[in-house]
Amino acid sequence: MPVHLIGFHVALDGTRLYDRVALTIDEDGRVGGTLDRIAERDGVPHRAELRGLLVGERLALMLEFDGVSPSGVMLDLVPEVCVHGAAMSGRIAGGDGEAALPYVMAHAPAARLDRSPTHGWGTVLVTPVAAGETVVGIDGPVGAEQTPYSFRTDDNRHVEPAGYGHFVNHACEPSCEIVYDLETALPTLVALRDLAAGDEVTFDYTRTEGQLAGSFQCRCPALVHKV
């Protein structure tokens with residue numbers, strides 16, 4: 001069974017780290033794969049080899065980066081509802097150093113984390129999505145403070161996205177729009193048009209945020225820019 005996860009956490013020195021994880025779990029519960037870790041400060045990926053076992057709903061993993069002693073983590077896997085197939089998320093339950101900090105990963109079978117042609121890293125589709133279909137659901141910690149990555153759901157309510165929602169870039173002519181769940185008030189990205197594999201998932205930040213947290217230069221291909 002292949003499992004693809006992404007996520008982020010904050011290292012002890014305050015650096016935000018992004019992870020891309022590709023695992024294979026065989027019928028005996030043995031786990032093997034790789035982890036590509038990207039530090040926000042330099043954008044350079046570092047690869048670790050993963051090996052371990054699936055025990056119930058927990059992954060017992062060993063991570064070994066080049067030139068660094070192996071470290072162990074336990075990852076709790078939790079099934080989730082996902083429009084495009086089975087999904088799971090996890091939280092590291094123990095380990096040494098930075099791995100002991102809270103760390104959420106989520107899986108979106110329709111998408112992958114990849115280089116954006118306009119804004120560094122972005123969320124790119126791996127399967128076609130029809131207009132009106134949900135592409136990525138946004139979930140994560142909710143707080144009163146706006147951040148450069150958060151989604152506003154009310155005047156004083158902001159969701160800090162976990163997983164692929166964290167890597168959705170702005171576009172002045174976006175591929176998706178935000179639709180809010182009437183029960184949870186959480187935002188969901190819905191395709192504005194038929195999208196093909198390889199298309200980037202984008203939305204217009206100005207449609208949800210009264211004022212953007214921080215500034216950036218939009219490099220999307222639109223002829224008229226809103227940011």
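In terms of the working numbering, the sequence shown opens at residue 1 and continues consecutively.
Heads up, the beta-carbon is just placed ideally off N, CA and C, and yes, glycines get one too.
Being a predicted model, the structure only gives us computed values, none of them experimental.
Asked                                                                                                : Found
The region 179 to 194 contacting the region 111 to 122, beta-carbon criterion three pairs below 8 Å  : no
Simplified DSSP assignment, three categories, for Gly242                                             : In the structure displayed, the chain extends from 1 to 227; residue 242 sits before or after that span and is not available.
Where Tyr205 sits in the DSSP three-state scheme                                                     : helix
Pro117 - containing beta strand (DSSP E), residue span                                               : No beta strand (DSSP E) contains Pro117, which DSSP labels as neither H nor E.
Separation of Ala48 from Asp36, as counted between CA atoms                                          : 6 Å
Cα-Cα separation between Ala191 and Gly198, rounded to whole angstroms                               : 14 Å
Three-state secondary structure (DSSP) of Gly165                                                     : helix
Assigned exposure category for Gly130 - 16 Cβ within 10 Å defines buried                             : Looking at the sequence provided, one finds Ala at residue 130 rather than Gly. Under this definition Ala130 is an exposed residue.
Reference Ala111, options Leu182, Arg20, Gly33, closest by Cα                                        : Arg20
Neighbour-count burial assignment, Pro161, 16 or more Cβ in a 10 Å radius                            : buried
Contact check, Gly279 vs Val136, beta carbons under 7 Å                                              : Given a span of 1 to 227 for the chain in the structure shown, any question on residue 279 remains unanswerable.
Separation of Thr34 from Glu27, as counted between CA atoms                                          : 19 Å
Sheet register partners of Thr123 (DSSP bridge)                                                      : Leu113
Where Cys218 falls: helix, strand or coil (DSSP)                                                     : coil
For Arg193, the three-state DSSP class (helix, strand or coil)                                       : coil
Where the beta strand (DSSP E) containing Pro45 begins and where it ends                             : 45 to 55
Rounded separation between Ile25 and Leu54 - CA only                                                 : 8 Å
Boundaries of the beta strand (DSSP E) in which Leu35 is found, first to last residue                : 30 to 39
Counted within 10 angstroms of its Cβ, other Cβ atoms place Gln217 as buried (16 or more) or exposed : exposed
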